[in-house]
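S.K.: Take 273 as the starting number for the sequence shown in our numbering and just add one per residue.
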Amino acid sequence: MGRVISLYFLVLILQPVFTSGQDTAFHLIKQKTISGSFKDFYTDNFGNIFLISANNQIKKLDQHFDSVGIFNDVRRYGDVYMVDVNNPLKMVIYYRDFTTILVLDRFLNIRNTIDLRSAGILQARAVAQSYDNNYWVFDELNSKIKKIDDNGNVLLESADFRVLFSYAYNPQQIIDADGTLYLYDVKKGWLIFDYYGAYKKHIDVPGWNDVKASGNTLSGFVNNYFYTINPETFSERKANLGISNATKIQQVSDKLYVLTKNELSQYRIQ
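Next up, the structure:
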């Protein structure tokens, strides 16, 4: 077991002032569509798309929507809970029912299996790849952020969130981006930390879906609107998408990917 480093956060009470510009509207041009009933999808920064079927098969499409790989090991661990494709050389699949992480290479071959129970983590739903090729996990029972390695060793852990904060915080998502660690709880908004565990700020924007952190922008979707906020200035913008019946939306550069009941569509944003 690796040496555990306990990190204690300086908790500041912030009262950010949010400023909002005028509402805008996206002009969207539909470019490609793939028909089918998919329960989820993910996109990476290279334009690859990872489609998850109802039976948990994962199909990788390139930027032209051509199939370039399939992961068919669908019976062993149950439902796919989340996928992290931020590293182009490896893909992380998390199976919450079994508290297990599968690590795949870019060809969707299994390279590693991590049972989080070996790290003493019995319940978790927020999992992400870390900048240094390890993994971030939020331990729900202990209310701590933990970093683990490929062998399930705990490399560091935070202080107990129940001690740090006066409110219950249980993130659904962890994002490691641009030297910063972002946690999002749909009921409480964003918590932002540095890589050493120092707490930086809370941004109270609950209710967002399909959240993302990139550059100096946090983004998410609420109903038919796309929201962005600058975590430094707290300036907030929103844009009307003009799309109905979407079950998931992701933006990558000038592309917008929209999942509905019967298809996945790619739009170009103008």
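Note that beta-carbon positions come from the ideal geometry of N, C-alpha and C, so glycine has one too.
Small disclaimer: the values here were computed from a predicted structure and weren't measured.
Do I446 and F410 have their C-beta atoms closer together than 8 Å?
M.R.: As a working mapping, residue 446 is identified with position 174 in the sequence shown. As a working mapping, residue 410 is identified with position 138 in the sequence shown. Yes.
S.K.: Would you call the segment 480 to 494 in contact with the segment 422 to 441, where contact means no fewer than 3 C-beta pairs closer than 8 Å?
M.R.: In short, these stretches do not touch, since the Cβ pair count stays below three.
S.K.: Which first and last residues belong to the beta strand (DSSP E) in which R540 is found?
M.R.: Counted from its first residue, the sequence shown places residue 540 at position 268. Unbroken beta strand (DSSP E) run through R540: 535 to 541.
S.K.: Note the first and the last residue of the continuous alpha helix (DSSP H) segment covering L300.
M.R.: Within the sequence shown, numbered from 1, the residue matching residue 300 stands at position 28. Unbroken run through L300 is the beta strand (DSSP E), 300 to 307; no alpha helix (DSSP H).
S.K.: How long is the line joining the alpha carbons of F379 and V357, rounded to whole angstroms?
M.R.: Translated into positions along the sequence shown, residue 379 becomes position 107. Translated into positions along the sequence shown, residue 357 becomes position 85. Going by the C-alpha atoms only, they are around 12 Å apart.
S.K.: Y454 by DSSP, collapsed to three states: which one?
M.R.: Locating residue 454 in the sequence shown gives position 182, where the first residue counts as 1. The answer is strand: DSSP assigns Y454 an E or B state.
S.K.: Alpha carbon to alpha carbon, how far is K304 from I330?
M.R.: By 1-based counting over the sequence shown, the position of residue 304 is 32. By 1-based counting over the sequence shown, the position of residue 330 is 58. Roughly 19 Å separates the two Cα atoms.
S.K.: Quick check on DSSP: helix, strand or coil for S390?
M.R.: For the purposes of this step, residue 390 is taken as the residue at position 118 of the sequence shown. In the structure shown, S390 sits in a helix (DSSP, three-state: H, G or I).
S.K.: State the start and end residues of the unbroken alpha helix (DSSP H) segment that holds R434.
M.R.: Position 162 of the sequence shown, counting from 1, holds the residue named residue 434. Here the alpha helix (DSSP H) through R434 covers 433 to 436.
S.K.: Do you know offhand how far Y471's Cα is from G319's?
M.R.: The residue you call residue 471 lines up with position 199 of the sequence shown. The residue you call residue 319 lines up with position 47 of the sequence shown. Cα to Cα, the separation comes out at about 33 Å.
S.K.: Considering only C-alpha positions, which residue in the set V494, D450, Y407 is nearest to Q522?
M.R.: Position 250 of the sequence shown, counted from the start, is the residue given in the question as residue 522. That would be V494, whose Cα lies nearest to the Cα of Q522.
S.K.: Tell me whether the beta-carbon of Y497 lies closer than 8 Å to the beta-carbon of S491.
M.R.: Translated into the one-based positions of the sequence shown, residue 497 becomes position 225. Translated into the one-based positions of the sequence shown, residue 491 becomes position 219. Contact: no.
S.K.: If I measure Cβ to Cβ from V458 and keep anything under 8 Å in the same chain, skipping five residues before and after, which residues do I get?
M.R.: The sequence position of residue 458 within the sequence shown is 186, counting from 1. Within the same chain, V458 has close Cβ partners Q444, P478, G479, W480, N481.
S.K.: Quick one: using the 10 Å Cβ neighbour count with 16 as the cut-off for buried, is N344 buried or exposed?
M.R.: Walking along the sequence shown from the start, residue 344 turns up at place 72. When all chains shown are included, N344 counts as exposed.
S.K.: Classify Q395: buried if its beta carbon has 16 or more other beta carbons within 10 angstroms, exposed otherwise.
M.R.: Your numbering for residue 395 matches position 123 in the sequence shown. When all chains shown are included, Q395 counts as exposed.
S.K.: To the nearest angstrom, how far is the alpha carbon of V435 from that of G461?
M.R.: What you label residue 435 is simply residue 163 of the sequence shown in a count that begins at 1. What you label residue 461 is simply residue 189 of the sequence shown in a count that begins at 1. Cα-Cα distance, rounded: 18 Å.
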